[in-house]
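*Asks:*
There are 2 protein chains.
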Amino acid sequence: MDRVYLSKEEMPRSWFNIVPYLPEPLDPPLDPETKEPISPEKLLTIFPEPLIEQEVSTQELIEIPEEVMDILSLWRPTPLHRARKLEEYLQTPAKIFYKNESVSPPGSHKPNTAVAQAYYNKISGVKRLTTETGAGQWGSALSFATQYFDLECRVYMVRVSYNQKPYRRILMETWKGEVIPSPSPYTNAGRQFYEKDPNHPGSLGIAISEAIEEAATREDTKYSLGSVLNHVLLHQTVIGLEAKKQMEKEGLYPDVIIGAVGGGSNFAGLSFPFLKDKLIGEKPDLEVVAVEPTACPTLTKGEYRYDYGDTVGLTPLIKMYTLGKDFVPQPIHAGGLRYHGDAPLVCKLYNLGYISAVAYDQRKVFEAGLIFARTEGIVPAPESAHAVKKAIDEALKCKETGEEKVILFNLSGHGYFDLSAYDKFLRGELQ
Amino acid sequence: MDRVYLSKEEMPRSWFNIVPYLPEPLDPPLDPETKEPISPEKLLTIFPEPLIEQEVSTQELIEIPEEVMDILSLWRPTPLHRARKLEEYLQTPAKIFYKNESVSPPGSHKPNTAVAQAYYNKISGVKRLTTETGAGQWGSALSFATQYFDLECRVYMVRVSYNQKPYRRILMETWKGEVIPSPSPYTNAGRQFYEKDPNHPGSLGIAISEAIEEAATREDTKYSLGSVLNHVLLHQTVIGLEAKKQMEKEGLYPDVIIGAVGGGSNFAGLSFPFLKDKLIGEKPDLEVVAVEPTACPTLTKGEYRYDYGDTVGLTPLIKMYTLGKDFVPQPIHAGGLRYHGDAPLVCKLYNLGYISAVAYDQRKVFEAGLIFARTEGIVPAPESAHAVKKAIDEALKCKETGEEKVILFNLSGHGYFDLSAYDKFLRGELQ
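Going down the list, the sequences are from chains D and A.
The working numbering applies: residue 10 is where the first sequence begins, and numbers increase by one.
The working numbering applies: residue 10 is where the second sequence begins, and numbers increase by one.
#1: If you draw a straight line from the alpha carbon of residue 305/D to that of residue 394/A, how long is it in whole angstroms?
#2: Taking only beta-carbon atoms, is residue 260/A less than 9 angstroms away from chain D?
#3: Residue range of the beta strand (DSSP E) that residue 267/D falls in?
#4: So, helix, strand or coil for residue 8/A, using DSSP?
#5: According to DSSP, is residue 148/A helix, strand or coil?
#6: Since residue 255/A and residue 13/A are thought to touch, with beta carbons under 8 angstroms apart, how far apart are those beta carbons, to the nearest angstrom?
#7: Relative to the alpha-carbon of residue 229/A, which residue among 310/A, 59/A, 134/A has its alpha-carbon at the smallest distance?
#8: Between the stretch 352 to 371 of chain D and the stretch 61 to 69 of chain D, do at least 3 Cβ pairs fall closer than 8 angstroms?
#9: What is the DSSP secondary structure of residue 91/A, counted as helix, strand or coil?
#10: Going by CA-CA distance only, name the one from 43/D, 427/D, 314/D, 123/D that's closest to residue 170/D.
#11: Counting along the chain, where does the beta strand (DSSP E) carrying residue 230/A start and finish?
#12: DSSP beta-bridge partners for residue 314/D?
#13: Which runs of the beta strand (DSSP E) fall wholly inside the stretch 338 to 402 of chain D and span at least 3 residues, in chain order?
#14: Using beta-carbon positions only, say whether residue 216/A and residue 273/A come within less than 9 angstroms of one another.
#15: Is it buried or exposed for residue 48/D, if we count other Cβ within 10 angstroms and need 16 for buried?
#16: Is residue 20/D helix, strand or coil by DSSP?
#17: Mind checking the stretch 381 to 395 of chain A against chain D and listing, in chain order, the residues whose C-beta falls within less than 9 angstroms of any C-beta there?
#18: If the cut is a Cβ gap below 9 angstroms, which residues of chain D does residue 184/A touch?
#19: Compute the beta-carbon to beta-carbon distance between residue 349/D and residue 307/D, rounded to the nearest angstrom, for a pair I have assumed lies under 8 angstroms.
#20: Who are residue 191/A's beta bridge partners in DSSP?
#21: Should residue 164/D and residue 151/D be called a contact, given that it needs their Cβ atoms to be closer than 9 angstroms?
#22: Could you compute how far the alpha carbon of residue 403/D sits from the alpha carbon of residue 411/D?
#23: Strictly below 8 angstroms CB to CB, what residues from chain D border residue 112/A?
#24: Identify the contact partners of residue 95/D in chain A, using a Cβ-Cβ distance below 8 angstroms as the criterion.
#25: Please list the terminal residues of the continuous alpha helix (DSSP H) segment that includes residue 124/A.
#26: Name, please, each residue of chain D whose Cβ falls closer than 8 angstroms to the Cβ of residue 17/A.
#27: Roughly how many whole angstroms lie between the Cα atoms of residue 107/A and residue 92/A?
#28: Which whole-angstrom value is the C-beta distance of residue 224/A and residue 139/A, which I expect to be below 8 angstroms?
#29: Between residue 299/D and residue 355/D, how many whole angstroms is the CB-CB distance? I'm expecting something under 8 angstroms.
#30: What would DSSP say about residue 79/A, mapped onto helix, strand or coil?
#31: Interface residues of chain A around residue 179/D at Cβ under 9 angstroms?
#32: If the cut is a Cβ gap below 7 angstroms, which residues of chain D does residue 156/A touch?
#33: Of all Cβ atoms in chain A, is any one closer than 9 angstroms to the Cβ of residue 418/D?
#34: I'd like the span of the alpha helix (DSSP H) that includes residue 433/D, first residue to last.
#35: Please report the distance separating the alpha-carbon of residue 243/D from that of residue 283/D.
#36: Report yes if the CB atom of residue 41/A is closer than 9 angstroms to the CB atom of residue 331/A, and no otherwise.
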């Protein structure tokens, strides 16, 4: 097993912002009332000033505060592994590498931004954060992060997950998060669904509406989002910056970079520092592939237009590939990929042809996840198994062509809270 | 957060055997039939030759095979952390360090020996391994390890855990382990309980009897034990060997070393390489503390005598502190500590006064576990939380006396599969 190390001293000291390298500017978010570009002042009701500055920044490098580095270094730098056992199993001439973000205490890449967001809210005088969570990865990352900065954390958790995933709920509570099944009776957004049906299963869109409403109406409270926005993707670039150094240590540069896309943050986190080289013309042949579920084919089948980020329509309108804010995906196990839209930065780069996308069926994805667990030993999160599937397909293509491509993918999280889905797959009961 | 790194090159190349440093020889295991010292030939029916050689070896250093190093390096060297957030919370002048064994794919220290045992069985021509598991840590470690060496793995899992901990069962199956609720109808040992009650809750002692019987009666099958025996403790010394190098990098040597004791393997793994210094008189004041639950107080209340390792009486008799082979501990959540005996090596050193022991009540242990989760961010396994509790107590003693002691404990595993126990504790429902 090859694991490429970085020392603490080799951790990146700044995040990488891809915005200055975009061939054309991002389309601005629009005010949901006026449909005009939204003013930073209006965003201040839900986000603290330093995060809004990052959201609109055109600076390439943004320094990571010491206080954030301190917490990240509990599990960062994360390992980069060469997947030799998988290569042997596939009998491929390709070299497969994966960045292992599953080693964080919450089990995914999510705390990379949760810690940063908690810090900036803290220094801005905020006392409470609200957020939403589907499968629970983001809610547990934010609960984990807020406790280091003495912030209260309220998580609106999609009710169907609240009932089906008690372990994720308990993990949040162990880290002092307050978990509310959504739709709830505590917000206007939730009440309209809750009053019709107190057992309403909920959706990510409704939970976002509840969390934003609460932040907008309470002085001491801001809202925190786990993906999609520019500043969230920015915080995730530590993944790619580390991976780049680690690949350099191996004397290699990837030919193909792969990440699963729900909102886009783990994908962007790994790929953006490499994509810079493609944007400046140094690596014109670099392939960057976004993988999504066929049940929620945002990039592969969505429309590129302005849409709301939530169901009720409280968020700014953002230009993205979207399946429509009312789209309700099948209840696949990769809960983190069940979002109707995608990050504007990812969408722009996809629209301009710098990124390609592919969609896979859930069963194929679990098949790949199981192969990975049985060769490399780590059980991938269903989300991450999408990236595994594409990496395997690329490696098998190399087997046919004889090419010795260097494949790099993001193992964004482990599947230890998703074992019931693997159980269903093993028993042939997965749809 | 301070994390002390070791590079792959700094990994120990040999295991450390404490036997040559014992002030008096170990009492030999006795044949259950003749009550005479058992012959190595008889042990060959259940263990392969290289492991029997290690079991009786008096050589200080035993080389770790390349094939074992290769798999261990997937997660080793493990981090040594300075628990600064915990120190701040306790306002103690003590320096608290913990070795983080929770980062392995099965989530504990157990694969350190599982990989070695799978390897030695493989090169000895064995095709199948049997074992038992209580809470599931050991069964998942062995399932994880055997898949790298194309061995079949059958795990007899105590039925009450099989029913209550489906995630652990699924994890084993994901790694191709075959999991059988025990007592089962497949062995004589199991049948006598199963036929009276097909829903018999089972016990670790019965499951051991089943696994050993199967190994003893099938040519292609050997038995694998996750703790207690000398060779198991030997394989775990990578923990302490790494920790010693890491402490040296910090320019420190521990005053107190703490580990939870079920069978003794994580405790011995961390402490033995340091205990050598006490045995040779270089560190006469080093305190080494074994922590056990009051519900299973083997060292603190057991008798030092020969006893069987299992319930039915199939194992050799071994000299150890024991609560009696028929002792049934309360169903506490630290399943890995519910064993009636302890490793002969640990018992000998305890009997000679080189080790001390303390027992804690389950509620105090979970209180400590929660403090750790909310300061250091990692949710400890209930077993490991015993060590956390003692570390906290030591640190609070330092707060009173003003001593700046260096405390080192073993975080032997994470508690992500034990969250329902934390849930009960948070709700005040834990007994």
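Note that beta-carbon positions come from the ideal geometry of N, C-alpha and C, so glycine has one too.
*Replies:* In brief:
#1: Counted from its first residue, the first sequence places residue 305/D at position 296. Counted from its first residue, the second sequence places residue 394/A at position 385. Those two C-alpha atoms are separated by around 42 angstroms.
#2: As a working note, residue 260/A is residue 251 in the second sequence. Not a single CB atom of chain D sits nearer than 9 angstroms to the CB of residue 260/A.
#3: The residue labelled residue 267/D in the question sits at position 258 within the first sequence. Unbroken beta strand (DSSP E) run through residue 267/D: 265 to 269.
#4: Since the first residue of chain A shown is 10 and the last is 440, residue 8/A is not available in this structure.
#5: Sequence index remark: in the second sequence, residue 148/A carries index 139 (1-based). Of the three classes helix, strand and coil, the one that applies to residue 148/A here is helix, per DSSP.
#6: Your numbering for residue 255/A matches position 246 in the second sequence. Your numbering for residue 13/A matches position 4 in the second sequence. Confirmed, Cβ separation roughly 4 angstroms.
#7: On the second sequence, position 220 is the one that residue 229/A refers to. Measuring from the Cα of residue 229/A, the nearest candidate turns out to be 134/A.
#8: no
#9: Within the second sequence, residue 91/A is the residue found at index 82, counting from 1. Secondary structure of residue 91/A (DSSP, three-state): strand.
#10: In the first sequence, residue 170/D corresponds to position 161, counting from 1. Of the candidates 43/D, 427/D, 314/D, 123/D, the one whose C-alpha sits nearest the C-alpha of residue 170/D is 427/D.
#11: As a first step, residue 230/A is located in the second sequence; it is residue number 221 there, counting from the start. Annotation: the continuous beta strand (DSSP E) that includes residue 230/A extends over 230 to 232.
#12: Here residue 314/D is taken as the residue at index 305 of the first sequence, counted from 1. DSSP output for residue 314/D lists 329/D as bridge partner(s).
#13: For the stretch 338 to 402 of chain D, whole beta strand (DSSP E) runs of length 3 or above, ordered along the chain, are 365 to 369.
#14: The residue labelled residue 216/A in the question sits at position 207 within the second sequence. The residue labelled residue 273/A in the question sits at position 264 within the second sequence. Contact: no.
#15: Indexing the first sequence from 1 puts residue 48/D at position 39. That one is exposed.
#16: Here residue 20/D refers to the residue found at position 11 of the first sequence. Coil, per DSSP.
#17: From the stretch 381 to 395 of chain A, only 382, 383, 384, 385, 386, 387, 388 have a Cβ closer than 9 angstroms to chain D.
#18: As a working note, residue 184/A is residue 175 in the second sequence. By Cβ distance, chain D contributes 382, 383, 386, 388.
#19: Taking the first residue of the first sequence as 1, we reach residue 349/D at position 340. Taking the first residue of the first sequence as 1, we reach residue 307/D at position 298. So it is a contact: roughly 7 angstroms between Cβ atoms.
#20: By one-based count along the second sequence, residue 191/A stands at place 182. Residue 191/A is bridged to 167/A.
#21: Taking the first residue of the first sequence as 1, we reach residue 164/D at position 155. Taking the first residue of the first sequence as 1, we reach residue 151/D at position 142. Yes, they are a contact pair.
#22: Translated into the one-based positions of the first sequence, residue 403/D becomes position 394. Translated into the one-based positions of the first sequence, residue 411/D becomes position 402. One C-alpha to the other measures close to 12 angstroms.
#23: Here residue 112/A corresponds to residue number 103 of the second sequence, with the count starting at 1. Within chain D, the residues near residue 112/A are 112.
#24: Within the first sequence, numbered from 1, the residue matching residue 95/D stands at position 86. Simply none; closest approach about 12 angstroms.
#25: By one-based count along the second sequence, residue 124/A stands at place 115. Segment 120 to 132, the alpha helix (DSSP H) holding residue 124/A.
#26: Position 8 of the second sequence holds residue 17/A. Going along chain D in sequence order, the residues near residue 17/A (Cβ under 8 angstroms) are 12, 14.
#27: Within the second sequence, numbered from 1, the residue matching residue 107/A stands at position 98. Within the second sequence, numbered from 1, the residue matching residue 92/A stands at position 83. Near 7 angstroms, if we compare the C-alpha coordinates of residue 92/A and residue 107/A.
#28: As a first step, residue 224/A is located in the second sequence; it is residue number 215 there, counting from the start. As a first step, residue 139/A is located in the second sequence; it is residue number 130 there, counting from the start. Sure, about 5 angstroms apart at Cβ, within 8 angstroms.
#29: By 1-based counting over the first sequence, the position of residue 299/D is 290. By 1-based counting over the first sequence, the position of residue 355/D is 346. Rounded, the Cβ-Cβ distance is 7 angstroms, consistent with contact.
#30: In the second sequence, residue 79/A corresponds to position 70, counting from 1. In this structure, residue 79/A counts as helix in the three-state DSSP scheme.
#31: Position 170 of the first sequence, counting from 1, holds the residue named residue 179/D. The contacting residues are 428, 429, 431, 432, 435.
#32: Along the second sequence, read from residue 1 onward, the residue named residue 156/A stands at position 147. Within chain D, the residues near residue 156/A are 383.
#33: Stepping through the first sequence from its first residue, residue 418/D is reached at position 409. Under the Cβ distance rule, residue 418/D does not count among the residues neighbouring chain A, no pair being separated by less than 9 angstroms.
#34: As a first step, residue 433/D must be located in the first sequence, where it is residue number 424. Counting along the chain, the alpha helix (DSSP H) containing residue 433/D begins and ends at 428 to 435.
#35: Here residue 243/D corresponds to residue number 234 of the first sequence, with the count starting at 1. Here residue 283/D corresponds to residue number 274 of the first sequence, with the count starting at 1. Those two C-alpha atoms are separated by around 14 angstroms.
#36: One-based indexing of the second sequence puts residue 41/A at position 32. One-based indexing of the second sequence puts residue 331/A at position 322. No, the Cβ-Cβ distance between residue 41/A and residue 331/A is not below 9 angstroms.
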